[in-house]
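Going from the sequence shown to the UniProt record's numbering is simple: count from 1 and add 11.
C-beta atoms are modelled at their ideal positions from N, C-alpha and C, and glycine is treated no differently.
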Amino acid sequence: NKQVILRNFVVSGSPKESDMFLRTGTAKLKVPEGSENAVLLKNLYLSCDPTMGIRMRNMKVPGSALLFESGSPIRGYGVARVLDSGNPNFKKGDLVWGLTTWEEYSLITAPQILFRIEHADVPLSYYTGLLGMPGLTAYIGFFEICTPKKGETVFISAASGAVGQLVGQFAKLLGCYVVGTAGSKEKVNLLKSKFGFDEAFNYKDEPDLVAAIKGCFPEGIDIYFDNVGGKMLDAVLLNMKIRGRIAACGMISQYNHDQPDGVHNLMNIVLKSLRMEGFLTSDLFHLYPKFLELLLPQIREGKVNYVEDISYGLESGPRALVGLFSGQNVGKKVVAVAHE
Ligand code: NDP
């Protein structure tokens, strides 16, 4: 049983490949006799998620099921086949997605977030992204937090990533004017050609972010879907319209900063009667069925596009994961571990 082990918690800077190592576990994995909870999984796809970087730093974040331990396999979302089960909710042969461990086979003794996959007519890897936790994040952040209306102006950072690409398409389907920013020419092209954004720019090419945003939104922004925080958030605050809304979804630019950036323009929240609200998808999985009901038909009808960036083999996992923090991924980053 090959495993990706956390060597030590990261103390400073971005996580590195060498903070993890591969090991072959020798423990015999078996659902304990009489267990009414445990499931044995064969992992098929593992999801690379930015918050795994936070957990590699041992920061105190909510959600004990997600925490890492040094010397143990790292944890995250994935897609798996049930090999054995003592749990009445799952049976041998089921396909599932949810919290698992980064190894070929995982014994999950008390599944907390694990869903049976009922619709396998779409690629299974989608359940790490579009139809999994990041997709639900896009849905909650946009529809529940931002209360969007047709015709509003929407700005999205890290817009070509797992969450951002879906937020942009939800906003276009609703009839909003949508602009995204991303960190390379290739990603900017995707935003316009594949995801239908009205405008997009590479923030790394813009010496003056406030002016770049103003150029796209002369009248201002109604909705900012924030995936990055820091300097981008600061520049956006100056460009928000009165009574604009900001979904504080993530702040990836701050996850590996030993000293977080100062945000100087917060007073705009008062002056413009803005609403800025954070949320954790891991607290809101009860919304998953409603989300699936909305999105599945849109995927089947070809109304929603999706770009994923797949690495093959568990050994490719550490590089895939740390690549998120330098924007190496083009679309949702997934590690394919085994065939179905
Ligand atoms: P992505 O697929 O967007 O991958 C991360 C991207 O972030 C990179 O490709 C890169 O894109 C960008 N990035 C990396 N470092 C920086 C930096 N220093 N400054 C600016 N941008 C950077 O990730 P996800 O779509 O999975 O996640 C997007 C955000 O949503 C993250 O902040 C994540 O933590 C958050 N999130 C929050 C959840 C919640 O419950 N609130 C749940 C899931 C995700 P580029 O090349 O464009 O810079």
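Report the partner residues of residue i according to the DSSP bridge assignment.
i: residue 332; result: None; residue 332 has no bridge partner.
i: residue 32; result: 16
i: residue 54; result: 91
i: residue 167; result: 191 and 236
i: residue 139; result: According to DSSP, which records beta bridges pairwise, residue 139 is partnered with nothing at all.
i: residue 111; result: 87
i: residue 316; result: In DSSP, residue 316 forms no bridge with anything.
i: residue 150; result: Per DSSP, none; premise fails for residue 150.
Short of 6 Å in beta carbon distance, which residues of its chain neighbour residue i, apart from the five on each side in sequence? Order them along the chain.
i: residue 189; result: 165, 179, 182, 183, 208 and 209
i: residue 47; result: 97
i: residue 303; result: none
On a Cα-Cα basis, can you pick out the residue from the options that is closest to residue i?
i: residue 17; options: 283, 33, 88 and 222; result: 33
i: residue 269; options: 70, 46 and 37; result: 70
i: residue 278; options: 250, 260 and 261; result: 250
i: residue 299; options: 193, 151 and 73; result: 151
i: residue 130; options: 340, 334, 324 and 311; result: 311
i: residue 283; options: 197, 247 and 331; result: 247
i: residue 124; options: 110, 198 and 338; result: 110
i: residue 291; options: 73, 30, 342 and 169; result: 73
i: residue 199; options: 169, 321 and 185; result: 169
i: residue 76; options: 320, 293 and 156; result: 293
i: residue 19; options: 66, 108, 314 and 322; result: 66
Could you pull out every residue in the same chain whose Cβ sits closer than 8 Å to the Cβ of residue i, ignoring the five residues on either side in sequence?
i: residue 336; result: 25, 26, 61, 64, 263, 266 and 267
i: residue 105; result: 92, 93, 96, 127 and 128
i: residue 116; result: 12, 40, 51, 52, 53, 54 and 94
i: residue 9; result: The structure shown has nothing for residue 9, since the chain only spans 12 to 351.
i: residue 385; result: With the chain covering 12 to 351 only, the question about residue 385 has no answer from this structure.
i: residue 103; result: 93, 94, 95 and 96
i: residue 324; result: 346, 347 and 348
I'd like the span of the beta strand (DSSP E) that includes residue i, first residue to last.
i: residue 14; result: 13–17
i: residue 288; result: 286–289
i: residue 70; result: No beta strand (DSSP E) contains residue 70, which DSSP labels as neither H nor E.
i: residue 245; result: Counting along the chain, residue 245 falls outside any beta strand (DSSP E), though it belongs to the alpha helix (DSSP H) covering 241–248.
i: residue 128; result: Where residue 128 is concerned, there is no enclosing beta strand (DSSP E), given that its DSSP letter is neither H nor E.
i: residue 203; result: Here residue 203 belongs to no beta strand (DSSP E); instead the alpha helix (DSSP H) covers 196–204.
i: residue 116; result: 116–119
Go to residue i, then tell me how far its alpha helix (DSSP H) extends in each direction, as first and last residue.
i: residue 66; result: 62–67
i: residue 279; result: 278–282
i: residue 304; result: 299–311
i: residue 255; result: Careful: residue 255 lies outside any alpha helix (DSSP H), inside the beta strand (DSSP E) at 251–259.
i: residue 346; result: Not the alpha helix (DSSP H): residue 346 falls in the beta strand (DSSP E), residues 343–347.
i: residue 181; result: 173–185
With the cut-off set at 8 Å, would you say residue i and residue j are in Cβ contact?
i: residue 163; j: residue 237; result: no
i: residue 97; j: residue 42; result: yes
i: residue 177; j: residue 141; result: yes
i: residue 52; j: residue 351; result: no
i: residue 15; j: residue 68; result: no
i: residue 137; j: residue 348; result: no
i: residue 220; j: residue 255; result: no
i: residue 28; j: residue 333; result: yes
i: residue 58; j: residue 341; result: no
i: residue 139; j: residue 89; result: yes
i: residue 143; j: residue 171; result: no
i: residue 159; j: residue 187; result: yes
Please list, in chain order, all residues of the same chain as residue i whose beta carbon is under 7 Å from its beta carbon, the five residues on each side excluded.
i: residue 6; result: No answer is possible for residue 6: the residues shown for the chain start at 12 and end at 351.
i: residue 287; result: 257, 259 and 280
i: residue 83; result: 16 and 17
i: residue 245; result: 274, 275 and 276
i: residue 223; result: 212 and 217
i: residue 205; result: 316 and 318
i: residue 194; result: 213, 214, 215 and 338
Taking 7 Å as the cut-off, is the CB of residue i close to at least one heavy atom of ligand 2?
i: residue 94; result: Annotation note on ligand 2: not contained in the displayed structure, which lists ligand 1 as its ligands.
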